[in-house]
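Colleague: Can you keep this structure in mind? I'll have questions shortly.
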Amino acid sequence: MKKIKIFITLLLLSSLSITAQNKYTQTADKHFDKFEFVEAIAAYNKLVEKGQGDAYVYTKLAEANYNIFSTTEAEKWYAKALESSQDAEMMYKYSQMLKANGKYDASNQWMHKFAKANPKDDRAKAFLANQDYLPGILEGVQKYELESLGFNSEASDFGGTLKDGVLYFTSARNNARRTYGWNEEPFLDIYQVAVSEGDNAEAEPVKGSINTKYHEGLVTFSPDGNTMYFSRESFYDGVYEKIEDSKTKISVIHLFKATKSGDSWKNVKALPFNSDSYSVKNPSLSVDGKTLYFASDMPGGFGKYDIYKATVNADGSFGDPENLGAKVNTEGQEMFPFISDNGTLYFSSNGHLGLGGLDVFYTTASGDVVNAGAPINSNSDDLAFTINEETGEGFVSSNREGGQGSDDIYAVKRLKPCNVLVTTTVVNNETDTPLAGVTVTIKDVKGQVLATETSNAEGKVSYTVPCENALLIAGSLEDFESNSIDFAGSKEETMELILPLDPIEKIIVEDRVVLNPILFDFDKSNITAQGAFELDKLVAVMKKYPEMVILAESHTDNRGSARYNEKLSSRRAQSTVQYVISKGIDASRITGVGKGESDLRVNCGSKCTEEEHQLNRRSEFIIVSGGPNQQ
7 MKKIKIFITL LLLSSLSITA QNKYTQTADK HFDKFEFVEA IAAYNKLVEK
57 GQGDAYVYTK LAEANYNIFS TTEAEKWYAK ALESSQDAEM MYKYSQMLKA
107 NGKYDASNQW MHKFAKANPK DDRAKAFLAN QDYLPGILEG VQKYELESLG
157 FNSEASDFGG TLKDGVLYFT SARNNARRTY GWNEEPFLDI YQVAVSEGDN
207 AEAEPVKGSI NTKYHEGLVT FSPDGNTMYF SRESFYDGVY EKIEDSKTKI
257 SVIHLFKATK SGDSWKNVKA LPFNSDSYSV KNPSLSVDGK TLYFASDMPG
307 GFGKYDIYKA TVNADGSFGD PENLGAKVNT EGQEMFPFIS DNGTLYFSSN
357 GHLGLGGLDV FYTTASGDVV NAGAPINSNS DDLAFTINEE TGEGFVSSNR
407 EGGQGSDDIY AVKRLKPCNV LVTTTVVNNE TDTPLAGVTV TIKDVKGQVL
457 ATETSNAEGK VSYTVPCENA LLIAGSLEDF ESNSIDFAGS KEETMELILP
507 LDPIEKIIVE DRVVLNPILF DFDKSNITAQ GAFELDKLVA VMKKYPEMVI
557 LAESHTDNRG SARYNEKLSS RRAQSTVQYV ISKGIDASRI TGVGKGESDL
607 RVNCGSKCTE EEHQLNRRSE FIIVSGGPNQ Q
């Protein structure tokens with residue numbers, strides 16, 4: 007994302023606060039401070055070749071390569087810089103470069119170090135809460151297919167806004183223009199191309215007063231197509247900041263609108279929330295034309311760039327910008343918002359959990375943020391996603407491997423949803439005959455109930471779910487032991503599952519009701535969802551045998567003191583008793599006692615394996631009276 011890093015991001019580099027270590031770095035530092043990163047890298051590399059490399063030079067090399075997304079070089083120099091630094095943000099950037107280079111295990115290791123160094127950072131919290139997020143992004147069912155557009159050039163091409171059969175995009179393809187020192191590419195202009203002409207289409211600059219000798223960026227249109235909103239570098243308005251003791255000028259990005267006159271754009275006006283102190287960019291207008299979304303680094307945000315929205319009033323005036331909040335925005339960068347015709351917000355971020363660089367995300371109806379997954383996302387920068395929700399067609403830009411230029415535009419096509427028809431047959435596990443009237447509950451991996459069905463005369467329940475959805479399918483029927491099976495998802499069109507239920511008497515063994523282990527959280531006594539599922543079987547038995555009286559014994563392993571284990575087991579026994587009572591069993595029919603480590607099944611002393619500890623850590627349900635095997 008070489009070109010985008012200068013115009014779209016314009017980072018306030020943390021390394022700018024580092025002062026030069028010695029006179030040898032002065033030339034390289036001047037290039038760096040002027041955002042001439044290609045020349046700065048060459049100058050710092052010469053210092054290293056002369057044996058004058060140190061932590062300062064390594065840090066500058068890492069930052070310069072990071073900002074032109076030279077991931078292999080950035081990784082190398084961050085590794086060298088971190089040999090003598092504990093800077094948390096550098097750890098984060100190093101982890102992102104490792105991830106961008108496909109080194110996921112190493113990236114996770116450095117994310118752990120980052121989280122330890124900066125535990126209050128929301129990026130650290132999100133990672134620790136979901137450390138196994140990568141397989142879901144990389145291996146999920148493919149929802150889109152991508153195709154590189156024929157008019158991509160060897161320079162940066164990105165953004166794709168389709169209006170009335172014309173695609174508008176941003177490009178640095180004009181080699182007749184002077185280059186920008188950041189990456190030695192020409193300044194950006196806005197181009198247009200007729201999509202009906204396919205690969206033979208000729209892109210040309212938009213006509214009128216839009217393009218200048220400075221940068222112009224992404225566009226969006228009013229519903230009638232007569233007003234264009236776009237980004238432009240503030241140099242054009244004479245707004246910039248000079249770096250102290252330097253001739254270098256730093257601009258910000260402003261938003262403008264223009265009106266259509268024939269096939270040309272005129273009457274360019276700045277939007278009222280532009281500022282000389284911060285940037286506003288990446289406009290996207292809602293389908294009704296009443297809300298403008300954009301990215302900005304204005305004060306009061308959550309990170310380097312946040313996404314905002316502002317009301318567009320009927321008289322053409324604008325409401326105050328409103329930050330979209332902490333669910334969308336992070337300590338990192340959120341940019342390139344796109345509000346689709348059904349109200350879904352898409353955006354790019356390097357702060358949410360992704361594959362490396364910028365990833366495309368979208369918001370759900372509940373406000374949750376979801377990674378768009380592969381192939382929309384790669385381990386490079388993926389941005390400027392747009393889509394027509396009705397046709398399922400759109401565009402995304404990326405600097406991933408295999409492209410023609412430093413950034414390329416890809417056509418996006420949403421694939422037909424992948425669904426699987428799951429038919430579950432509930433059977434008596436002893437006779438293998440189907441069971442009618444079974445209540446079958448389908449839950450997602452978070453335990454949320456998706457549907458509740460009743461098996462028919464053939465014991466069958468059918469339901470359609472997305473291919474990639476993992477499910478828990480549970481069945482319950484009076485006089486039978488409840489049971490559940492897992493469904494890991496499938497790309498097949500249909501799946502047949504068997505859910506066996508055991509007659510309730512099968513769990514009555516002599517003078518005990520035998521359940522699967524009742525699992526408790528470590529050092530806790532509250533009943534978990536798994537524990538409740540097992541205890542419901544005990545409740546069913548007690549309801550079938552209304553005279554049955556139960557003694558619930560809770561046992562621990564031999565870790566910890568005997569006194570503590572006795573107290574812990576007593577709490578767990580009482581929690582068990584209270585749960586059974588809450589299900590309608592009279593309190594006189596069940597009592598509980600904590601046995602601690604006094605009755606170990608395996609006397610293994612201090613050399614117990616984890617499996618032996620699990621055998622000792624158990625609950626037992628003794629039938630005191632009223633059981634089917636008792637007179």
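Sequence positions in the sequence shown follow our numbering and run 7 to 637.
For every residue, glycine included, the Cβ atom is placed at its ideal position computed from N, Cα and C.
Because the structure is a prediction, the values reported are computed rather than measured.
1. What's the call for Phe308, buried or exposed, on a 16-neighbour Cβ count within 10 Å?
2. Give a yes or no on whether the C-beta atoms belonging to Leu541 and Val599 are separated by under 8 Å.
3. Cβ of Leu88 within 8 Å of Cβ of Val418?
4. Determine the direct distance from the alpha carbon of Arg420 to that of Val471, and round the result to whole angstroms.
5. On the DSSP bridge assignment, give the partners of Asp413 in chain order.
6. Just tell me which of Ile596, Lys86, Asn114, Asn622 has its CA closest to the CA of Val608.
7. Closest by CA to Cys424, which one among Thr437, Asn475, Glu464?
8. How would you label Glu349, buried or exposed, when you count the other beta carbons within 10 angstroms and need 16 or more for buried?
9. Can you list, in chain order, the residues of its chain whose CB lies under 6 Å from that of Leu389, leaving out five sequence neighbours each side?
10. What separation, rounded to the nearest whole angstrom, lies between the Cα atoms of Ser384 and Gly495?
11. What residues are listed by DSSP as bridge partners for Glu239?
12. Distance, Cα to Cα, Ile513 vs Gln584?
13. Just to confirm the assignment, what range does the beta strand (DSSP E) spanning Glu399 have?
14. Can you tell me the Cα-Cα spacing of Thr65 and Phe133, whole angstroms?
15. Excluding the 5 residues preceding and the 5 following Pro327 in the sequence, name in chain order all residues of the same chain whose CB lies nearer than 6 Å to its CB.
16. If I measure Cβ to Cβ from Glu487 and keep anything under 6 Å in the same chain, skipping five residues before and after, which residues do I get?
17. For Trp271, which beta-bridge partners are listed by DSSP?
18. What span of residues does the beta strand (DSSP E) with Lys449 cover, start to end?
19. Ignoring anything shorter than 4 residues, give me the alpha helix (DSSP H) runs that lie fully in the stretch 448-534, in order along the chain.
20. For Ser281, which option in Lys296, Pro305, Met234 has the closest C-alpha, if you only look at C-alpha atoms?
21. Is Ser656 helix, strand or coil when you go by DSSP?
22. Please identify the residue among Ser290, Asp312, Ala68 whose C-alpha is closest to the C-alpha of Met234.
23. Could you round the C-beta distance between Asp163 and Asp414 to whole angstroms and report it? I think they count as a contact, below 8 Å.
24. Rounded to whole angstroms, what's the CA-CA distance from Thr218 to Tyr139? Just pull it up for me.
25. Let me know the secondary structure DSSP gives Val334 once reduced to three states.
26. I need the boundaries of the alpha helix (DSSP H) containing Arg639, first residue and last residue.
27. At a cut of 8 Å, does the stretch 443-454 reach the stretch 394-409 through at least three beta carbon pairs?
28. Quick check on this structure: which residue in Tyr50, Ala130, Gly295 has the alpha carbon closest to the alpha carbon of Leu95?
29. Pick out whichever of Asn462, Ala46, Phe193, Val172 has its Cα sitting closest to the Cα of Val690.
30. Can you tell me whether Val376 is buried or exposed? The criterion is at least 16 other CB atoms within 10 Å of its CB, across all chains shown.
31. DSSP has Glu553 in a bridge; who is on the other side?
32. Quick check: the Cα distance between Lys56 and Thr33, rounded to an integer number of angstroms?
33. Can you tell me whether DSSP reads Ile143 as helix, strand or coil?
34. My understanding is that Thr77 touches Met97, with C-beta atoms under 8 Å, so please give their C-beta distance in whole angstroms.
35. Which first and last residues belong to the alpha helix (DSSP H) in which Glu81 is found?
36. Over the uninterrupted beta strand (DSSP E) stretch that includes Val54, give me the two end residues.
Modeller: Here's the rundown:
1. Counting the other Cβ atoms within 10 Å of the Cβ of Phe308 gives 16 or more, which makes it buried.
2. Cβ distance not < 8 Å, so Leu541 and Val599 don't count as in contact.
3. At least 8 Å separates the beta-carbon of Leu88 from that of Val418.
4. The alpha-carbon atoms of Val471 and Arg420 are separated by roughly 18 Å.
5. Asp413 is bridged to Ser162.
6. When each option's Cα is compared against that of Val608, the closest is Asn622.
7. The closest CA to that of Cys424, considering only Thr437, Asn475, Glu464, is found on Asn475.
8. First, the residue type needs correcting, since residue 349 is Gly and not Glu in the sequence shown. Only exposed fits Gly349, as fewer than 16 other CB atoms lie within 10 angstroms of its CB.
9. Closer than 6 Å at Cβ, skipping near neighbours: Phe342, Ser354, Leu364, Ser403.
10. Cα to Cα, Ser384 sits roughly 23 Å from Gly495.
11. DSSP output for Glu239 lists Ile259 as bridge partner(s).
12. If I take the Cα positions, the gap works out to 21 Å.
13. Here the beta strand (DSSP E) through Glu399 covers 399-404.
14. In a straight line, the C-alpha of Thr65 is about 25 Å away from that of Phe133.
15. Closer than 6 Å at the Cβ level, and outside the excluded window around Pro327, lie Phe279, Tyr314, Ala316.
16. Within its own chain, the residues whose Cβ lies closer than 6 Å to the Cβ of Glu487, once the five positions on either side in sequence are excluded, are Asp508, Ile510, Ile513, Lys543, listed in chain order.
17. Beta-bridge annotation (DSSP): Trp271 is paired with Gly214, Lys266.
18. According to the DSSP assignment, Lys449 belongs to the beta strand (DSSP E) that extends over 445-450.
19. Runs of the alpha helix (DSSP H) inside the stretch 448-534: none found.
20. Ranked by how close their Cα comes to the Cα of Ser281, the residues Lys296, Pro305, Met234 have Pro305 in first place.
21. Any property of residue 656 remains undetermined from this structure, which presents the chain solely from 7 to 637.
22. With distances taken between Cα atoms, Met234 lies closest to Ser290.
23. Right, their Cβ atoms sit about 6 Å apart.
24. Approximately 44 Å, taken between the alpha carbons.
25. If DSSP states are grouped into helix, strand and coil, Val334 belongs with coil.
26. The structure shown does not extend to residue 639, since the chain is modelled only from 7 to 637, so the question has no answer here.
27. No, the stretch 443-454 does not touch the stretch 394-409.
28. It should be noted that the sequence gives Glu, not Leu, for residue 95. Per the Cα distances, Ala130.
29. Residue 690 lies beyond the range of the chain shown here (7 to 637); nothing can be said about it.
30. Exposed, by the Cβ-count rule.
31. Looking at the DSSP output, Glu553 sits in no beta bridge, so it has no partner there.
32. Taken atom to atom, the span from the alpha-carbon of Lys56 to that of Thr33 is near 15 Å.
33. If DSSP states are grouped into helix, strand and coil, Ile143 belongs with the helices.
34. Not a contact, Cβ separation roughly 16 Å.
35. It spans 77-87 - the alpha helix (DSSP H) in which Glu81 sits, taken as one unbroken run.
36. Counting along the chain, no beta strand (DSSP E) covers Val54; the unbroken alpha helix (DSSP H) around it starts and ends at 43-55.
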